[in-house]
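Asker: If you're matching them up, the sequences are chains A and B in order. Heads up: the first sequence at position 188 corresponds to 187 in numbering that gives the first Met the number 0, and the numbers run straight through without jumps. Heads up: the second sequence at position 24 corresponds to 23 in numbering that gives the first Met the number 0, and the numbers run straight through without jumps.
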Amino acid sequence: MQAYLTLTRRELAGYFMSMTGYVIIAAATLLIGVSFKAVLEPLQHVPTLIPVTELFFNTLFFWLVLLFPPAVITMRIFAFEKFSGTFETLMTAPVTDLQVVLAKFTSAFLFYCVMWLPLVACILIVRSYTSDVTAFDAGSVSSTFFGIALFGCLFISAGICASSLTKSQAIAVMLSLAFALSLLILSFLAGQTTEDMSWKSRLLSCFALGEQMRDFARGVVDTRSVVFLVSSTLFFLFLTLRIIESRRWK
Amino acid sequence: MAFGETNPKPSFSPWRKWSIGLNVLLIILVVFSVVVMVNYLSRDYFTRFHWSTTSKHTLSPLTLNLLHSLTNKVRVVIYYDKNDPFWGQKLIEKVAENILSALQNQTDAVLLKAPK
Chain A
0 MQAYLTLTRR ELAGYFMSMT GYVIIAAATL LIGVSFKAVL EPLQHVPTLI PVTELFFNTL
60 FFWLVLLFPP AVITMRIFAF EKFSGTFETL MTAPVTDLQV VLAKFTSAFL FYCVMWLPLV
120 ACILIVRSYT SDVTAFDAGS VSSTFFGIAL FGCLFISAGI CASSLTKSQA IAVMLSLAFA
180 LSLLILSFLA GQTTEDMSWK SRLLSCFALG EQMRDFARGV VDTRSVVFLV SSTLFFLFLT
240 LRIIESRRWK
Chain B
0 MAFGETNPKP SFSPWRKWSI GLNVLLIILV VFSVVVMVNY LSRDYFTRFH WSTTSKHTLS
60 PLTLNLLHSL TNKVRVVIYY DKNDPFWGQK LIEKVAENIL SALQNQTDAV LLKAPK
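1) Taking C-alpha atoms, which residue in A:ILE155, A:GLY32 and A:MET74 lies nearest to VAL119 of chain A?
2) Give a yes or no on whether the minimum CB-CB distance between ILE91 of chain B and chain A is below 8 angstroms.
3) Any C-beta of chain B sitting closer than 8 angstroms to the C-beta of GLY146 of chain A?
4) Does TYR44 of chain B pass the burial test, meaning 16 or more other C-beta atoms within 10 Å, or should it be called exposed?
5) From the beta carbon of ALA37 of chain A, is the nearest beta carbon of chain B less than 8 angstroms away?
6) In the DSSP output, which residue or residues are listed as bridge partners for HIS49 of chain B?
7) Is there at least one Cβ from chain A nearer than 8 angstroms to GLY30 of chain B's Cβ?
8) Taking its Cβ as the centre, do 16 or more other Cβ atoms sit within 10 Å of LEU238 of chain A, making it buried, or is it exposed?
9) Between the C-alpha atoms of VAL64 of chain A and THR19 of chain A, what's the straight-line distance to the nearest angstrom?
10) Mind reading off the beta-carbon distance from VAL71 of chain A to VAL140 of chain A? Whole number of angstroms is fine, and I expect it under 8 angstroms.
11) Below 6 angstroms CB to CB, which residues in the same chain sit around LEU54 of chain A once its five sequence neighbours on both sides are set aside?
12) Please report the Cβ distance between GLN168 of chain A and PHE79 of chain A, rounded to the nearest whole angstrom; I am assuming they are in contact, meaning their Cβ atoms lie under 8 angstroms.
13) Is MET74 of chain A buried or exposed, if buried means 16 or more other CB atoms sit within 10 Å of its CB?
14) Name the residues in the segment 139-164 of chain A whose C-beta lies less than 7 angstroms from a C-beta of chain B; which are they?
15) Indicate the three-state DSSP secondary structure (helix, strand or coil) for LYS72 of chain B in the structure shown.
16) Assess contact between the segment 153-170 of chain A and the segment 226-240 of chain A, defined as three or more Cβ pairs (one per stretch) separated by less than 8 angstroms. Is contact present?
17) Between A:MET114, A:PHE178, A:ARG213 and A:HIS44, which lies nearest to ALA161 of chain A when the distance is taken from Cα to Cα?
18) Taking the beta carbon of VAL219 of chain A as the centre, do at least 16 other beta carbons fall within 10 Å, making it buried, or is it exposed?
19) Out of A:ARG9, A:VAL45 and A:ALA189, state which residue places its alpha-carbon closest to the alpha-carbon of ASN82 of chain B.
20) So VAL94 of chain A contacts chain B; which residues on that side make the cut at Cβ distance below 9 angstroms?
21) DSSP on THR129 of chain A, reduced to helix/strand/coil?
22) How would you list, in chain order, the residues of chain A whose beta-carbon sits under 9 angstroms from the beta-carbon of ASN38 of chain B?
23) Alpha carbon to alpha carbon, how far is VAL75 of chain B from THR52 of chain B? Give it in angstroms, no decimals.
24) Under 8 angstroms, Cβ to Cβ, is there at least one residue of chain B near ARG8 of chain A?
25) Less than 8 angstroms between C-beta atoms, sequence neighbours within five positions excluded: which residues of the same chain meet that for ALA27 of chain A?
26) Could you say which of A:LEU203, A:LEU97, A:LYS199 and A:GLN1 lies nearest to ILE184 of chain A if we only look at CA atoms?
27) Is there a Cβ from chain B that is less than 8 angstroms from the Cβ of ARG246 of chain A?
28) Determine whether the Cβ of HIS49 of chain B lies closer than 8 angstroms to any Cβ atom of chain A.
29) On the three-state DSSP scale, how would you describe PHE77 of chain A?
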């Protein structure tokens with residue numbers, strides 16, 4: 000446990016000791032701010048019964064913040080270690096592969112959570128100015144963040160898996176983005192199909208990220224979405240572990 | 000490896016490498032099928048938790064009881080403000096999809112669009 004905590008602290012410090020972490024946070028803050036402005040501007044003239052969290056996730060900027068930063072956060076995790084030659088040092092240290100993978104995942108996830116903190120500030124600022132207390136329902140806000148965290152887990156685990164495959168950060172980020180965009184396209188296709196009981200629509204409905212996020216933003220936590228996101232995250236972490244272990248027999 | 004040896008012998012023979020690789024691939028396939036099965040089961044056995052206190056998207060127990068007791072045909076009329084930015088063909092399709100998905104026998108549904 001001590002080794003896991005030490006590794007997590009080391010990885011997390013890596014984000015804040017370099018400019019990369021601050022640039023990611025700054026870019027995410029800008030996109031969240033622009034996104035919030037895009038949501039609130041029409042509401043100055045026309046009132047709406049829809050919660051602001053639900054309107055917020057419908058913007059393009061929200062999906063940009065959800066899809067792109069995890070790829071950038073995770074691109075250096077294993078690829079940079081391999082490139083700089085510290086990978087062998089890390090792997091010969093008295094730590095297990097599982098501890099390394101979990102520590103890297105935890106630190107990336109914690110950094111991802113820090114990156115989303117400006118959204119809390121945006122919500123608190125708008126809440127202090129709006130007269131409608133139901134605009135930011137605590138349940139909807141918490142389920143929205145829960146959804147963002149679960150989506151983050153999936154994209155981060157996929158990014159770590161991509162990073163473990165190569166020593167080039169550019170290839171890692173491209174693989175990770177390709178995965179995220181493929182999911183987005185599948186989600187778009189799922190939105191196009193009618194909800195019949197055919198195996199194709201049932202399969203596509205698993206990847207309906209837009210629908211899943213809409214539920215979270217409405218304050219509805221569906222176990223189907225949770226199972227899909229958690230099981231996919233665990234699968235990618237398992238895959239990463241197998242890839243890391245493959246150095247012993249390759 | 001002896002000191003000064005330029006071409007060290009590989010730790011594993013090619014056959015051994017392929018055998019381990021195949022084993023790892025099989026384990027990955029097994030885990031992947033477990034993930035698929037868990038997701039397949041979760042589609043049929045699911046729960047929706049409503050965290051929101053506004054209960055805008057929650058059917059009341061009274062409505063649920065009424066829906067479960069229905070045996071005859073029901074006509075659903077949806078009114079929507081055409082000036083609303085969310086109004087459009089996509090919204091109509093979505094509503095039709097939701098109604099169809101709630102029905103046991105989809106062929107019973109007759110969807111009519113009101114005149115403009």
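Glycine is no exception: its CB is placed at the ideal position from the N, C-alpha and C atoms. For clarity, every value in this text was computed on a predicted model and none was experimentally measured.
Answerer: Taking the structure as given:
1) A:GLY32
2) no
3) no
4) exposed
5) no
6) A:VAL219
7) Checking the sequence, you will find Val at residue 30 of chain B rather than Gly. Yes, VAL30 of chain B counts as interfacial toward chain A.
8) buried
9) 16 angstroms
10) Actually they are not in contact, since the Cβ atoms of VAL71 of chain A and VAL140 of chain A sit about 26 angstroms apart, beyond 8 angstroms.
11) VAL38
12) 6 angstroms
13) buried
14) SER139, SER141 and SER142
15) coil
16) yes
17) A:PHE178
18) buried
19) A:VAL45
20) Simply none; closest approach about 21 angstroms.
21) coil
22) CYS205, ARG223, VAL226, PHE227, SER230 and SER231
23) 27 angstroms
24) no
25) VAL64, PRO68, MET114, TRP115 and PRO117
26) A:LEU203
27) no
28) yes
29) coil
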